[in-house]
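The next block holds one structure in the form of structure tokens; read it before the comments.
There are 2 protein chains.
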Amino acid sequence: MQSVTRDPWQALADPTRRAVLARVARGPCSVTEIAGELPVSRPAVSQHLKVLLDARLIDVRRQGRLQVYRPRAEGLDVLRRELDTFWRSALLTFKDLAEATYDASSPANEEISDDQ
Amino acid sequence: MQSVTRDPWQALADPTRRAVLARVARGPCSVTEIAGELPVSRPAVSQHLKVLLDARLIDVRRQGRLQVYRPRAEGLDVLRRELDTFWRSALLTFKDLAEATYDASSPANEEISDDQ
DNA sequence: CTAATGCGTAAGTGATAACTTACGCATTGT
DNA sequence: ACAATGCGTAAGTTATCACTTACGCATTAG
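Protein sequences appear in the order of chains Z and X.
First residue of the first sequence: 617, per my numbering; consecutive thereafter.
First residue of the second sequence: 617, per my numbering; consecutive thereafter.
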């Protein structure tokens, strides 16, 4: 069982895996317990947990015959910060765009088709 | 050119696509411009932009002959909030664990004493 | 008009992902 | 010891992904 460092973003890409993480985040639990609450097999959950482990998003400790998984706040915080970087730089761009409405050098159409 | 609603988490899973988003977040730009800064072809960037569009993480407006892409703060904020939910519930679990065990121990391979 | 620019998309390909069943190992109870 | 429980992993299959090249459409310049 090698512990390859894995991209946490990729770990969160799969919906089932997010459900697994959500369950773990809600409270310590075992593999079988999670599998009982999800429409996938136990080995599938095991594989998802391995990915989450490699992404440093959860931890595991043996507790008697059970393997108990629990969330890892640090890992989640890394993602929070990264996302915040995106968000902040996006906000700056927004701000610049708002201020740059001065730019009247272009005759181009100002329509923008947007959703709802 | 259908605009399928797409999972923003999945959109962030690919490193190249995150680079594209980072570039867009840094400031409005065109497809060709992005492709010039990344080691992939222009069509590849186009496809990545489509995914980001479907995930509501960016917007696009025509400006003369160019298609100018810009970040979409709302989309990023959705992710921020979702991630915060994970984080908060993880913190709660952490807190409960700390109170329940009194053991300020750390990462993965820790031996635990059965308190029965 | 024609030519050039900028871009989206179709088509094809190799790699990876997510899932299943089957199996084997470790720990616990009798 | 043996049986049962809990779990990880190997093997195999199917679907999806990221990328490429080739093509076609729309807008603008001359």
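C-beta: ideal position from N, C-alpha, C; glycine also.
Which residue's Cα is closest to the Cα of residue i: the options?
i, options, result
"residue 664(X)", "649(X), 687(X), 637(X)", "637(X)"
"residue 693(X)", "640(Z), 644(Z), 700(Z)", "700(Z)"
"residue 706(Z)", "702(X), 677(X), 689(X)", "689(X)"
"residue 668(X)", "698(X), 652(X), 634(X)", "634(X)"
"residue 646(X)", "698(X), 710(X), 678(X), 683(X)", "683(X)"
Within its chain, find whatever has a CB closer than 6 Å to the CB of residue i; leave out the 5 residues flanking it on each side and keep chain order.
i, result
"residue 640(X)", "674, 685, 687"
"residue 630(X)", "none"
"residue 644(X)", "684, 686"
"residue 676(Z)", "683, 685"
So, for residue i: in the same chain, excluding its five sequence neighbours on each side, which residues have a beta-carbon less than 8 Å away from its beta-carbon?
i, result
"residue 632(X)", "654, 656, 660, 664"
"residue 670(X)", "619, 620, 621, 622, 627"
"residue 721(X)", "Its pLDDT being 41, under 50, residue 721(X) is placed unreliably by the model, and nothing is read from it."
"residue 678(X)", "684"
"residue 728(Z)", "The predicted position of residue 728(Z) is uncertain, since its pLDDT is 34 and thus under 50; no value can be drawn from it."
Could you round the C-beta distance between residue i and residue j to whole angstroms and report it? I think they count as a contact, below 8 Å.
i, j, result
"residue 624(Z)", "residue 691(Z)", "6 Å"
"residue 703(X)", "residue 642(Z)", "Not a contact, Cβ separation roughly 12 Å."
Tell me which same chain residues have a C-beta within less than 7 Å of the C-beta of residue i, skipping the five on either side of it?
i, result
"residue 648(Z)", "658"
"residue 650(X)", "636, 639, 661"
"residue 775(Z)", "Since the displayed chain Z opens at 617 and closes at 732, residue 775(Z) lies outside it and no answer follows."
Give the residues from the region 639-660 of chain X that approach chain Z closer than 9 Å (Cβ to any Cβ), ordered along the chain. 640, 641, 642, 643, 644
Relative to chain X, which residues along the region 672-696 of chain Z have a C-beta separation below 8 Å, given in chain order? 675, 676, 677, 678, 679, 680, 686, 687, 688, 689, 692, 693, 695, 696
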